[in-house]
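Working notes, beginning with the structure itself.
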Amino acid sequence: MGKNTFKITEQEPMEETTPKPSWWQRYKTFREDHTFAQYLQRLFFKAILYFLGISLALVLIFKFVPVWFTPTMLDRKIEAIADGRDSEIYSDWEPYENISKEVALAVVASEDQLFPEHHGFDFDAMWGAFRHNFKGKKIKGASTISQQVAKNVFLWQGRSYVRKALEAYFTLLIELIWGKERILEVYLNVAETGKMTFGVEAASLKYYGHSAKSLTRVEAARIAAVLPSPNRFSIKKPSGYVQRRTNFIVRQMRGLGGKQYISNL
Numbered sequence: 001m002g003k004n005t006f007k008i009t010e011q012e013p014m015e016e017t018t019p020k021p022s023w024w025q026r027y028k029t030f031r032e033d034h035t036f037a038q039y040l041q042r043l044f045f046k047a048i049l050y051f052l053g054i055s056l057a058l059v060l061i062f063k064f065v066p067v068w069f070t071p072t073m074l075d076r077k078i079e080a081i082a083d084g085r086d087s088e089i090y091s092d093w094e095p096y097e098n099i100s101k102e103v104a105l106a107v108v109a110s111e112d113q114l115f116p117e118h119h120g121f122d123f124d125a126m127w128g129a130f131r132h133n134f135k136g137k138k139i140k141g142a143s144t145i146s147q148q149v150a151k152n153v154f155l156w157q158g159r160s161y162v163r164k165a166l167e168a169y170f171t172l173l174i175e176l177i178w179g180k181e182r183i184l185e186v187y188l189n190v191a192e193t194g195k196m197t198f199g200v201e202a203a204s205l206k207y208y209g210h211s212a213k214s215l216t217r218v219e220a221a222r223i224a225a226v227l228p229s230p231n232r233f234s235i236k237k238p239s240g241y242v243q244r245r246t247n248f249i250v251r252q253m254r255g256l257g258g259k260q261y262i263s264n265l
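Read in order, the letters of the sequence shown correspond to residues 1 to 265 in the working numbering.
So, in structure tokens, the structure goes:
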């Protein structure tokens, strides 16, 4: 008589279902695995990476695309609306080849005579301004055309160490990516040249009745003469100071050798 054999098989244990942890439990687990300082550190580095990517993309875009609007224009528009004044912005973008080289030379002679040579910064002028301001005298700036473009296109007006640091960063980018001619082209189109007026084309049409392409040397010098304070000085009704400064700029333009000085930007 044969023996009956029984094969005993192990049954797989029933899968236990565990409740989904609450948000508070997940938060406590997160705090145990990661310190708050580490979280802030990661957040900071992510913000830096996003800023670098976005800023680089903007600089690349504006190397080819006209800068139709700037933070300074927005600021002036908001001020005008708040004061109940006419808030229309006068601006007319023109390519560099359609702008008289007399006005290009005038702004270089007036604002930044080392523009063709430096790499965004005039350190001698900056040191001179620092010593002047340290003595408690009236605040004196030493911004190059490149720095002014970086500020006007990408940043806000005002004085702060944060803004100056960002200005230096954008200045380096546009010097590297745009080149001198593009920087000067943008400056000639976005610089504030009068009340609610931006760019030399808009100023020429508004105050002289013709395009910036046909600006004479004296007309160009007068536009450059008001640039330090375009809301205070007038191109159409120049004060004695503006007339004297215009004559000074004309002499500087002649001393630099004329339009040849900026022919190889």
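Using N, Cα and C, we set each Cβ at its ideal position, and we do this for glycine too.
In this chain, Gly199 is not harboured by any alpha helix (DSSP H), its DSSP state being neither H nor E. For Pro116, the closest C-alpha among the options Gly179, Arg244, Lys63, Pro238 is that of Gly179. Classified as buried, Leu105 has 16 or more neighbouring CB atoms from the shown chains inside 10 Å of its CB.
If you check the CB distance, Ser211 and Glu201 come in under 8 Å. Rounded to whole angstroms, the separation of the alpha carbons of Thr197 and Lys237 is 15 Å. Taken in chain order, the complete alpha helix (DSSP H) segments of 4 residues or longer contained in the segment 43-114 are 71-83, 101-111. A distance below 8 Å between beta-carbons, with the five flanking residues on each side excluded, links Thr193 to the following residues of its chain, in chain order: Gly199, Val200, Ala202, Ala203, Ile223, Val226, Leu227, Pro230, Ile235.
Glu192: member of the beta strand (DSSP E) spanning 192-194, first to last residue. Here Asp124 is exposed, its C-beta having fewer than 16 other C-beta atoms within 10 Å. For Tyr241, the enclosing alpha helix (DSSP H) begins and ends at 240-255. Taking C-beta separations shorter than 8 Å and ignoring five residues to either side along the sequence, the partners of Ile183 in its chain run Ile145, Ser146, Val149, Ile174, Glu175, following chain order. Put simply, of Tyr187, Tyr207, Glu102 the residue whose alpha carbon is nearest the alpha carbon of Lys195 is Tyr207. Take Asp122, set aside five residues on each side of it, and the residues of its chain with a beta-carbon closer than 6 Å to its own are Leu114, Thr144, in chain order. A direct Cα-to-Cα measurement between Phe248 and Lys77 gives close to 33 Å.
Residue environment for Gly120: buried (at least 16 other C-beta atoms within 10 angstroms of its C-beta). Taking C-alpha positions only, Ile89 is separated from Pro71 by approximately 12 Å. Here Gln41 carries a helix assignment [DSSP, helix/strand/coil].
Excluding five sequence positions before and after Leu60, the CB atoms of its chain that fall closer than 8 Å to its own CB belong to Ile177, given in chain order.
Take Arg163, set aside five residues on each side of it, and the residues of its chain with a beta-carbon closer than 8 Å to its own are Lys151, Leu155, Trp156, in chain order. When the beta-carbon positions are compared, Val153 and Val190 come within less than 8 Å of each other. With fewer than 16 other Cβ atoms inside 10 Å of its own Cβ, Ala47 counts as exposed. Here Trp178 carries a coil assignment [DSSP, helix/strand/coil]. Between Glu102 and Leu215 the beta-carbon gap is near 5 Å, inside 8 Å, which marks them as a contact. The three-state reading of DSSP puts Lys259 in helix, counting H, G and I together.
The continuous alpha helix (DSSP H) containing Arg217 extends over residues 217-226.
In this structure, DSSP gives Glu185 a helical state, which the three-state scheme calls helix.
If you draw a straight line from the Cα of Arg26 to the Cα of Tyr39, it comes to about 15 Å.
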